[in-house]
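Trainee:
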Amino acid sequence: GAVVSQHPSRVICKSGTSVKIECRSLDFQATTMFWYRQFPKQSLMLMATSNEGSKATYEQGVEKDKFLINHASLTLSTLTVTSAHPEDSSFYICSARDPQGGREQYFGPGTRLTVT
Amino acid sequence: QKEVEQDPGPLSVPEGAIVSLNCTYSNSAFQYFMWYRQYSRKGPELLMYTYSSGNKEDGRFTAQVDKSSKYISLFIRDSQPSDSATYLCAIEAAGNKLTFGGGTRVLVKP
Numbered sequence: 001g002a003v004v005s006q007h008p009s010r011v012i013c014k015s016g017t018s019v020k021i022e023c024r025s026l027d028f029q030a031t032t033m034f035w036y037r038q039f040p041k042q043s044l045m046l047m048a049t050s051n052e053g054s055k056a057t058y059e060q061g062v063e064k065d066k067f068l069i070n071h072a073s074l075t076l077s078t079l080t081v082t083s084a085h086p087e088d089s090s091f092y093i094c095s096a097r098d099p100q101g102g103r104e105q106y107f108g109p110g111t112r113l114t115v116t
Numbered sequence: 117q118k119e120v121e122q123d124p125g126p127l128s129v130p131e132g133a134i135v136s137l138n139c140t141y142s143n144s145a146f147q148y149f150m151w152y153r154q155y156s157r158k159g160p161e162l163l164m165y166t167y168s169s170g171n172k173e174d175g176r177f178t179a180q181v182d183k184s185s186k187y188i189s190l191f192i193r194d195s196q197p198s199d200s201a202t203y204l205c206a207i208e209a210a211g212n213k214l215t216f217g218g219g220t221r222v223l224v225k226p
């Protein structure tokens, strides 16, 4: 299957700072990527859909000014958590679909964010 | 009512047993159905993907979809301790968005 990577795998930051998470499709070009958040022992919740070359589409209740998404190329999307607070501590996961393949979505390994 | 319901478990079975997992969904517009496996602190890994009613088999895994009942299942034969993980059903809505069930934690005991 297709490979999606994320960097960093874990990050600890202080309250009030910003953190950038990268999501890359390694062996295919992804016009669309998705960002999810997962709290402990809970399922994945879609935060936003990232479209290459255009603005991201955010799910209801997700603050677009707090979670900045940039999809600058066909293989890279970034999520920046601005002015992070302890309640933003979570597991952030991206996914992408290979447009040359089927409808399967392939997920990255996730980034664990801890805000102190 | 959640769009996708899944029993959280945990489901504990002895090694070699059949693991039976299921989800129900409410939106008849859903057309594509997937099962993911997620180990602790890792991203989900796609196991099975199907779009039609009926059975689809891949090795020890069988996915079953019953669109008339809005019910999907995953069966794992000859379960192994390495199958211990959380299993998530996911159903695709419009715009390629996936709606996930809450996940079922499975423990296969040697």
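So the sequence lines, in the order shown, correspond to chains B and P.
Quick note on my numbering: the first sequence kicks off at 1 and runs consecutively.
Quick note on my numbering: the second sequence kicks off at 117 and runs consecutively.
We put the beta carbon where it would ideally sit given N, CA and C, even for glycine.
The structure presented is a predicted model; accordingly, all values stated were derived computationally and were not measured.
1. Report the rounded CA-to-CA distance for glutamate 108 of chain B versus threonine 215 of chain P, giving the unit in angstroms.
2. I'd like to know if the region 18-27 of chain B and the region 74-93 of chain B are in contact, where contact means that at least 3 CB-CB pairs between them fall below 8 Å.
3. Does the Cβ of tyrosine 155 of chain P have 16 or more other Cβ atoms within 10 Å, making it buried, or fewer, making it exposed?
4. Do isoleucine 134 of chain P and aspartate 194 of chain P have their C-beta atoms closer together than 9 Å?
5. Taking C-beta pairs closer than 7 Å, name the residues in chain P that serine 43 of chain B reaches, listed in chain order.
6. What are the boundary residues of the beta strand (DSSP E) that lysine 172 of chain P is part of?
7. Taking the alpha-carbon of alanine 206 of chain P as reference, which of P:Gly125, P:Asp199, P:Ser136, P:Phe149 has the nearest alpha-carbon?
8. Pick helix, strand or coil for proline 86 of chain B, following the three-state DSSP scheme.
9. According to DSSP, which residues form a beta bridge with lysine 20 of chain B?
10. With H, G and I counted as helix, E and B as strand and the rest as coil, what does DSSP make of asparagine 70 of chain B?
11. Could you please tell me which residues of the region 149-177 of chain P, in chain order, have their CB closer than 9 Å to any CB of chain B?
12. Pick out the complete beta strand (DSSP E) segments inside the region 126-206 of chain P, 3 residues or longer, and give them in chain order.
13. If we count the other Cβ atoms within 10 Å of its Cβ and call it buried at 16 or more, is proline 126 of chain P buried or exposed?
14. Out of curiosity, what's the CA-to-CA distance linking asparagine 212 of chain P and alanine 201 of chain P?
15. What does the alpha-carbon distance come out to for the pair arginine 176 of chain P and proline 86 of chain B?
16. Considering Cα atoms alone, identify which of B:Asn51, B:Ala56, B:Tyr92 is closest to proline 99 of chain B.
17. Alpha carbon to alpha carbon, how far is glutamine 6 of chain B from isoleucine 93 of chain B?
Mentor: So, from the listed chains and residues:
1. Residue numbering aside, residue 108 of chain B sits at position 108 when the first sequence is read from its first letter. Residue numbering aside, residue 215 of chain P sits at position 99 when the second sequence is read from its first letter. Before going further, note that residue 108 of chain B is glycine rather than glutamate in the sequence given. Looking at the two C-alpha atoms, the distance is approximately 17 Å.
2. yes
3. By one-based count along the second sequence, residue 155 of chain P stands at place 39. Per the 10 Å Cβ criterion, exposed.
4. The residue labelled residue 134 of chain P in the question sits at position 18 within the second sequence. The residue labelled residue 194 of chain P in the question sits at position 78 within the second sequence. Yes, the pair counts as a contact, with Cβ atoms nearer than the cut-off.
5. Within the first sequence, residue 43 of chain B is the residue found at index 43, counting from 1. Neighbours of serine 43 of chain B on chain P, chain order: Leu204, Phe216, Gly217, Gly218, Gly219.
6. As a first step, residue 172 of chain P is located in the second sequence; it is residue number 56 there, counting from the start. 170-174 is the extent of the beta strand (DSSP E) around lysine 172 of chain P.
7. The count along the second sequence starts at 1 and reaches residue 206 of chain P at position 90. Checking every option, the nearest Cα to that of alanine 206 of chain P belongs to P:Phe149.
8. Translated into the one-based positions of the first sequence, residue 86 of chain B becomes position 86. In the structure shown, proline 86 of chain B sits in a helix (DSSP, three-state: H, G or I).
9. Within the first sequence, residue 20 of chain B is the residue found at index 20, counting from 1. DSSP, once it has assigned bridges, lists B:Thr80 as partnering lysine 20 of chain B.
10. Within the first sequence, the letter at position 70 stands for residue 70 of chain B. It is a strand residue.
11. Met150, Tyr152, Gln154, Arg157, Lys158, Gly159, Pro160, Glu161, Leu162, Tyr165, Tyr167
12. 127-130, 135-141, 148-154, 161-166, 170-174, 177-182, 187-192
13. Along the second sequence, one-based indexing puts residue 126 of chain P at 10. Flag for proline 126 of chain P reads exposed.
14. As a first step, residue 212 of chain P is located in the second sequence; it is residue number 96 there, counting from the start. As a first step, residue 201 of chain P is located in the second sequence; it is residue number 85 there, counting from the start. Spanning the two alpha carbons is a distance of roughly 25 Å.
15. In the second sequence, the residue the question calls residue 176 of chain P occupies position 60. In the first sequence, the residue the question calls residue 86 of chain B occupies position 86. About 42 Å.
16. By one-based count along the first sequence, residue 99 of chain B stands at place 99. Comparing Cα positions, the closest option is B:Asn51.
17. Within the first sequence, residue 6 of chain B is the residue found at index 6, counting from 1. Within the first sequence, residue 93 of chain B is the residue found at index 93, counting from 1. Their backbone Cα atoms lie some 8 Å apart in a straight line.
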